[in-house]
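Novice: Residue numbers (the numbering used here): 2 to 313.
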């Protein structure tokens, strides 16, 4: 039986000690059965997860997520979209903000099993998070992820350092943006001009709404690209994968035609690395689905699968 929902928004001080992070929380009016923390991807925001969060909540879960630094309402102004903040490792700011939200949720519900889901860039941040703060997490869905080679990451970080030295870390480089698109992206539209062939999803309504949303169309700064690439590079190293607690049940979930996962190849490499590290991992690839499986044409089945995993 589906439950009624209480939806609340709140802010908390970021780990950067300056920015107020906007978070949203969904609570069932009945007895909850667990907590699911959602972590969104790059150049988007938590409002895009509203329907999925309500679905989980109606089925008994407390659900929450925050707009990352440089995203959504977690900015001091629109000019800060796509900027994480001053730090040696900008991705650490996002990871620690995830931890702050977890502490808030577990203070309210200390006895409930804790589960997490990270999509796209959020999947890379989740993987890093689990290697640092994974103790006590029962289950994790790593969604829309990939596997970045050391050569790719090294070249990307080198160019980001050079451009940052010339232009500053808040500079927005279309060259770096283009470099992040591997050959797996070439079969898809990346502009929104041909929504039927979008890399995001086959649902053209979702695609049109995405490209019409100014919170989804800004360009990352060099600072944010550094944070993304360094996290992906960190995640790919076997020694960091081994830091993830082996007791966490992990589900790798992706569209089989997701270019972020190199059309399944990168997801499979990640799966093999997780298995080699002794992690309790399973993999689910959705045939014909693209990057945003929570927004795909078969999302009803995807949502059911996520609910089944969290309940099992």
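The beta carbon of each residue, even a glycine, is placed where N, CA and C say it ideally should be.
Pick helix, strand or coil for residue 199, following the three-state DSSP scheme.
Specialist: Reading the chain shown from its first residue, position 198 is the one you call residue 199. Three-state result, residue 199: strand.
Novice: Quick one: complete alpha helix (DSSP H) runs, 4+ long, within the stretch 85-124?
Specialist: If we require 4 residues or more, the alpha helix (DSSP H) runs fully inside the stretch 85-124 come out as 91-109.
Novice: Would you please state the rounded distance, in angstroms, between the beta carbons of residue 171 and residue 84? I believe it to be under 8 angstroms.
Specialist: Counting from one through the chain shown, the residue named residue 171 turns up at place 170. Counting from one through the chain shown, the residue named residue 84 turns up at place 83. Yes, they are in contact, since the Cβ atoms of residue 171 and residue 84 sit about 6 angstroms apart, within 8 angstroms.
Novice: Enumerate in chain order the residues of its own chain whose CB-to-CB distance from residue 164 is below 6 angstroms, with the five nearest sequence positions on each side excluded.
Specialist: Within the chain shown, numbered from 1, the residue matching residue 164 stands at position 163. If we look at residue 164 and ignore the five residues flanking it on each side, its Cβ neighbours are 174 and 223.
Novice: Work out the CA separation of residue 221 and residue 294 for me, nearest whole Å.
Specialist: On the chain shown, residue 294 is found 293 positions in, with the first residue counted as 1. On the chain shown, residue 221 is found 220 positions in, with the first residue counted as 1. When rounded, the distance between both Cα atoms is 23 angstroms.
Novice: Based on DSSP bridge pairs, tell me the residues matched to residue 12.
Specialist: Residue mapping note: residue 12 aligns to position 11 of the chain shown, counting from 1. Looking at the DSSP assignment, residue 12 forms a beta bridge with 23.
Novice: Considering only residues of the same chain and omitting the five flanking positions on each side of residue 39, which have a CB-CB separation below 6 angstroms?
Specialist: For this step, residue 39 is matched to residue 38 along the chain shown. Closer than 6 angstroms at Cβ, skipping near neighbours: 50, 66 and 118.
Novice: Got a sec? Which residues, its chain only, sit under 6 angstroms from residue 207 by beta carbon, not counting five neighbours each side?
Specialist: Here residue 207 is taken as the residue at index 206 of the chain shown, counted from 1. Only 296 meet the Cβ criterion.
Novice: Please report the straight-line C-alpha distance between residue 156 and residue 177, rounded to a whole angstrom.
Specialist: As a position in the chain shown, residue 156 is number 155, starting the count at 1. As a position in the chain shown, residue 177 is number 176, starting the count at 1. Their Cα atoms are separated by approximately 11 angstroms.
Novice: Which of the three DSSP states is assigned to residue 126 in this structure?
Specialist: In the chain shown, counting from the first residue as 1, residue 126 sits at position 125. Here residue 126 sits in helix by DSSP.
Novice: Using the Cα positions of residue 313 and residue 307, report the straight-line distance between them to the nearest angstrom.
Specialist: Against the chain shown, residue 313 aligns to sequence position 312. Against the chain shown, residue 307 aligns to sequence position 306. Between residue 313 and residue 307, the C-alpha separation is close to 10 angstroms.
Novice: Are there 16 or more other CB atoms within 10 angstroms of the CB of residue 92, so buried, or fewer, so exposed?
Specialist: On the chain shown, position 91 is the one that residue 92 refers to. Classification of residue 92: buried, given that the 10 Å Cβ count is 16 or more.
Novice: Please report the Cβ distance between residue 311 and residue 35, rounded to the nearest whole angstrom; I am assuming they are in contact, meaning their Cβ atoms lie under 8 angstroms.
Specialist: Counting from 1 along the chain shown, the entry for residue 311 is found at position 310. Counting from 1 along the chain shown, the entry for residue 35 is found at position 34. Correct: roughly 6 angstroms between the Cβ atoms.
Novice: At the level of alpha carbons, what is the spacing between residue 75 and residue 98?
Specialist: As a working mapping, residue 75 is identified with position 74 in the chain shown. As a working mapping, residue 98 is identified with position 97 in the chain shown. Answer to the nearest angstrom: the Cα atoms are 11 angstroms apart.
Novice: Given a threshold of 16 other Cβ atoms within 10 Å of its Cβ, counted over all protein chains shown, does residue 14 qualify as buried or as exposed?
Specialist: In the chain shown, the residue the question calls residue 14 occupies position 13. So residue 14 counts as exposed.
Novice: Three-state secondary structure (DSSP) at residue 140?
Specialist: As a position in the chain shown, residue 140 is number 139, starting the count at 1. Note: residue 140 maps to strand in three-state DSSP.
Novice: Flag this pair as touching only if the stretch 8-25 and the stretch 101-112 have three or more C-beta atom pairs under 8 angstroms; answer yes or no.
Specialist: Segments in contact, yes.
Novice: Under three-state DSSP, which class holds residue 65?
Specialist: Against the chain shown, residue 65 aligns to sequence position 64. Reduced to three states, the DSSP call for residue 65 is strand.
Novice: Alpha carbon to alpha carbon, what distance is there between residue 287 and residue 160?
Specialist: By one-based count along the chain shown, residue 160 stands at place 159. By one-based count along the chain shown, residue 287 stands at place 286. Those two C-alpha atoms are separated by around 35 angstroms.
Novice: Helix, strand or coil for residue 35 per DSSP?
Specialist: For the purposes of this step, residue 35 is taken as the residue at position 34 of the chain shown. Correct three-state label for residue 35: strand.
Novice: Whose CA, out of 192, 169 and 235, lies closest to the CA of residue 179?
Specialist: The residue you call residue 179 lines up with position 178 of the chain shown. Of the candidates 192, 169 and 235, the one whose C-alpha sits nearest the C-alpha of residue 179 is 192.
Novice: When DSSP builds the beta bridges, which residues end up paired with residue 251?
Specialist: The residue labelled residue 251 in the question sits at position 250 within the chain shown. BP columns for residue 251 point to 141 and 282.
Novice: Measuring CB atoms only, is the stretch 251-265 touching the stretch 133-153, in the sense that at least three cross pairs come out at less than 8 angstroms?
Specialist: Yes: at least three Cβ pairs fall under 8 angstroms.
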